[in-house]
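Step one of this worksheet: look at the structure below.
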Amino acid sequence: MLRAFGALPTEARARQMRDRDYLWCLTHMVLDREEELERLCPSCRIQAQQGLCPGCGRPVESVEGAINPNFDPARFAALGKGEAT
4 MLRAFGALPT EARARQMRDR DYLWCLTHMV LDREEELERL CPSCRIQAQQ
54 GLCPGCGRPV ESVEGAINPN FDPARFAALG KGEAT
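In terms of our numbering, the sequence shown is residues 4 to 88.
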């Protein structure tokens, strides 16, 4: 969050911030993002929400290594419920 405001953690303004200040800023950043998306047409909104590689601009899903082929969603759900598999 400090990066968005161009502040270093050692600056006085950053050290004076409390947890509630960070929460307030983050909440308003999320609300601002939602307002920006609401102003777009449906096709542009989909494109804006799509994760893109900052280097080449391709969708993240198509970048090699973006998906872990060894991930087991069923085992993940079972472990989340406290079940041993």
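Glycine included, each C-beta is placed from N, C-alpha and C at the ideal position.
task = Please confirm whether Pro62 and Leu55 have their CB atoms less than 8 Å apart.
result = yes
query = Looking only at C-alpha atoms, which of Leu5, Ala17, Thr13 sits nearest to Met32?
reply = Leu5
key: First and last residue of the uninterrupted alpha helix (DSSP H) at Leu40   = 22-41
ask   = Excluding sequence positions up to five away, which residues of its chain have a Cβ less than 8 Å from the Cβ of Cys52?
value = Checking the displayed sequence, the identity of residue 52 turns out to be Gln instead of Cys. Cβ neighbours of Gln52 beyond the five flanking positions: Leu40.
key: Within 8 Å, strictly: CB atoms of Ala17 and Leu11   = yes
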